[in-house]
Every structure is written in structure tokens, then in C-alpha cells.
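Asks: The sequence shown runs 2 to 375 under our numbering.
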Amino acid sequence: IDSMEQELIRLEGLISRVRARQVEILSAIDRLQVPYWDGTRSLKEWISGRLDIQPRNASDLATLAKTQSPTIRHSLRAGVVSVDRAAATARLENSGADQQLLDQADGVAVAQVHQLAARHHRTTPVDETTAFRMRRLWFQPNLGNTVATGTFTMTGTDMELVLDAIDQRADAIIDPYDPHRPRLEQRRIDALVSMALDTITPQDSTAVAPRRLKAHIFVDAGTSSHTNGEAGSTTRSGIKVGPNTLQEILCIGETQTTLVATDGLKVVPTNGDRLPQRTRDYVFYRDRACTADGCTSRYRLEPHHVQARSHGGSHEPDNLTLLCWFHHHVVIHQEGFHIDPHSPPCRRRFLPPVLPPVLPTLFPTEANRAPPPA
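1) Under a three-way DSSP split, which group does residue 163 fall into?
2) Grab the span of the beta strand (DSSP E) containing residue 130 for me, first residue to last.
3) Helix, strand or coil: how does DSSP classify residue 50 here?
4) Identify, in the order they occur along the chain, each residue of the same chain with its Cβ nearer than 8 Å to the Cβ of residue 5, setting aside the five sequence neighbours on each side.
5) Is it the case that the region 26-46 contacts the region 54-71, given that we only count it when at least three CB pairs across the two stretches are under 8 Å?
6) To the nearest angstrom, how far is it from the Cα of residue 62 to the Cα of residue 161?
7) Could you check how far apart the C-beta atoms of residue 244 and residue 281 are, in whole angstroms? I think they sit under 8 Å.
8) Please name the residue, chosen from 287, 279 and 73, that lies closest to residue 104 on a Cα-to-Cα basis.
9) Name the two residues that bound the continuous alpha helix (DSSP H) containing residue 285.
10) Quick one: is residue 302 buried, meaning 16 or more other Cβ sit within 10 Å of its Cβ, or exposed?
11) Closest to residue 131 by C-alpha separation, out of 350, 235, 57 and 154, would be which residue?
12) Can you give the Cα-Cα distance for residue 329 and residue 173, rounded to whole angstroms?
13) Under a three-way DSSP split, which group does residue 117 fall into?
14) Where residue 58 and residue 192 are concerned, what is the direct C-alpha to C-alpha distance, given to the nearest angstrom?
15) Applying the criterion that 16 or more other CB atoms from any shown protein chain within 10 Å of the CB defines a buried residue, is residue 17 buried or exposed?
16) Note down, one range per segment and in chain order, each alpha helix (DSSP H) of at least 4 residues found wholly within the region 9-92.
17) Assuming residue 117 and residue 93 make a contact with CB atoms under 8 Å, what is their CB distance in whole Å?
18) Can you round the beta-carbon distance between residue 318 and residue 286 to whole angstroms, since I take them to be within the 8 Å contact cut?
19) Measuring straight from C-alpha to C-alpha, what distance separates residue 55 and residue 100?
20) Roughly how far, in whole angstroms, is the beta-carbon of residue 127 from the beta-carbon of residue 89, given that I think they are within contact range, below 8 Å?
21) Would you please state the rounded distance, in angstroms, between the beta carbons of residue 1 and residue 334? I believe it to be under 8 Å.
22) State the Cα-Cα distance for the pair residue 354 and residue 276, rounded to the nearest angstrom.
23) Which residues in the same chain as residue 375 place their Cβ atom closer than 6 Å to its Cβ, once the five residues preceding and following it in sequence are excluded?
24) I'd like the list of long-range same chain contacts for residue 20, defined as Cβ closer than 6 Å, with 5 residues on each side in sequence excluded.
25) Grouping DSSP H, G and I as helix and E and B as strand, with all else coil, what is residue 365?
26) By alpha-carbon positions, which one of 310, 346 and 315 ends up nearest to residue 324?
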């Protein structure tokens, strides 16, 4: 094993000596401004294109080509340091580090040398203003408007503030000691959604959560009936929704459904299917907190049907249970779990996801329509 390790080190030294020769040639190319005359934006871009290497490796070679340190170049030429360490040390030297700090960098790992360079990099007022003016928040939905990706740019201090607020909200709605809770990036999205809900529909912890904003659903009758609600349903703004989202909208929102049939448009009346406010208030009075087994959250408590309306469930209080936003929105309507009807009323447990039929709820008959609230 020792001989194999020594062979690897010897080969790495050989790579360093070869790279040292490349660095000498690149320094001459940079002095002659060859990248400019070849129409590239920088020496890094020129190296990446001509040598067919990744931008990160090209950046290391460009940094070494521009360094004025004879010590770094001599060490690389002798093969006693790797290209990564030489480039990291050059960046540390460019940041204005003194000789004492450079000597300290010799005894730490390469990753720590990069950290030292970042810590000693100067930030001018112009740099701060430029960073602030680059702030943005951008979302890009896919062609079906079913999933959106996003990116943002902000200053480091603002990022720390935002992430701290998001993480605090995530810990407030999801038990931070639960070993089975979602991943960090998933919890942060859930926290953002909950913060948006609190802004649009403020809630009082002493009352049941308010209804969501009114939703207008357009349903293509032919497509939706043949796919069991998996296609053919969109909101007024063009966002495509599937069975789980439809169930949630119909469960907690005020919904107007427009059926797009071959004989024209038909507005499907849904007010009769709305849970009466007095029933919502009674369920809150009865349960007081989330009834999921082990949960003590009171955040955005919402009534939920133990037996779904699409399965013949009613608005009777015995068929309703109070759930916090996480168990109602995330666990049931997004993850697809459903309540075990045989679990105790105040210790509700969940069964694995199944695909619930949606169409009977979208197009209710007089037989399964609840009477209007008194």
C-alpha cells in the first residue's frame, strides 16, 4: 500500500511539473493579449476553449499565469505542490495576505486555503453597491405550469436574515426533533408557502384558519373524465392542477368550476359543497388542536374530511377532524396520505398514499350534494 501511495504522489508531482510549463506558456500568451485578438472575453475563457477543460481548472491556470510570486512558480515547477494548492495560495496572496498568513496556509488543507483567501478578500463600497443592485428573485414554470424552479441573488447579510426567518418558520410548523421530517430544502419551501398564506389570509391561533382565496377551475369534460382528473384541469391563470391539488382546493377553498363541454361552457355550482362556517367553528371548538397522533401544533388549523367527499363522505362533524397546516397541506394533499378511519379521534394516524377519484367531487349530483348552510 505504501508503494502505491508513493507512486500516486510521484505522478501528482509529474502533473504539477507539466502544468508549470503550461503556466509559463500561458503567461506569455497573456502578455501578447492573444485571448483578446481571438475574440474571447478573458484568459480563463480562452484556456477553457483551447485546452477543452472545465472552467474551474481553467480559472486555476489563469490565476497561476498571472501570479507574480516566484515562490509559487518554483514550487510548481519542482513538483512539490499540487496545482490546486498553488492556485489557492496565489489567490490568497492576491487578496493581500501577509507573509505570516501565507506561512500559515502551508499547514492547512487546500479547502481551508480557499476559505482564508475569501476571508481576506477586500470588499469596497463599490462592490457592496454592485451586489445590492444585482438583487433579484426569479421563477420559471415548466411548459405545463405544474412545477416552477427559481433562483435569487441578494447580499450576504440579507441572505442570512431571510434564511434565518425561513428556518425559524420551518421549525415552527414542523417538529425540529422529528427524525422523519422532510429534508432542509423541502422544509424551506413549506415555510415560504406558509409565510405567503399568512400574508394573504392572516390567521388567528384562537380560531380555525380562514378559507383560501377563491379558485376558478376550468375542466375539459372529455379529457378529465378519461384521465380521472389527471389532465384537463387548469386554473384561470393557466396553472395545471392534478387530483391532489384539486382535492385540496375543493376541501378548503371557495371554488367555482367551469365545465368545458362539447355543447359549451357550464358553471358547476359548488357552494352547496362548501363546509358551513358554523360546522368549521364547531370542529375547532371540539378538537382545539391538530389531531394527528403526537402533533401539538396549532398553526393554521383546518377541518378535514376523514372520508373524502368523493367517497361519499359528508359534512357531519363525526366525519371531520382538525389538522395543522403541515399535516393537512403537506402530508395529505401533497404527499397523498389519508387518515386511517379506525384510528382514535384525537390520535389520528395516516395510511399510505392512494389515488383518490376526483370527478364525483367536481361534478356532484343531487344525491351527494350537501344542503346549503342555514
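Just so it is clear, CB atoms sit at the ideal spot from N, CA and C, and this is done for glycine as well.
Replies: The structure says:
1) helix
2) Element bounds for residue 130: not the beta strand (DSSP E) but the alpha helix (DSSP H), 126-134.
3) helix
4) none
5) yes
6) 33 Å
7) In fact, because the Cβ distance is near 24 Å, the residues do not count as touching under 8 Å.
8) 73
9) 278-288
10) buried
11) 154
12) 15 Å
13) helix
14) 38 Å
15) buried
16) 35-38, 44-52, 56-67 and 71-79
17) 6 Å
18) So it is not a contact: roughly 10 Å between Cβ atoms.
19) 31 Å
20) Not a contact, Cβ separation roughly 26 Å.
21) Beyond the ends of the chain as shown, which are 2 and 375, falls residue 1; an answer cannot be given.
22) 24 Å
23) For residue 375, the pLDDT reaches just 42, beneath the cut-off of 50, and the residue's location in the model is therefore unreliable, although a value from the coordinates is still provided. Taken in chain order, the list of residues that qualify is empty.
24) 84
25) Model confidence at residue 365 stands at a pLDDT of 41, short of 50, so the residue's coordinates are unreliable and nothing is read from them.
26) 346
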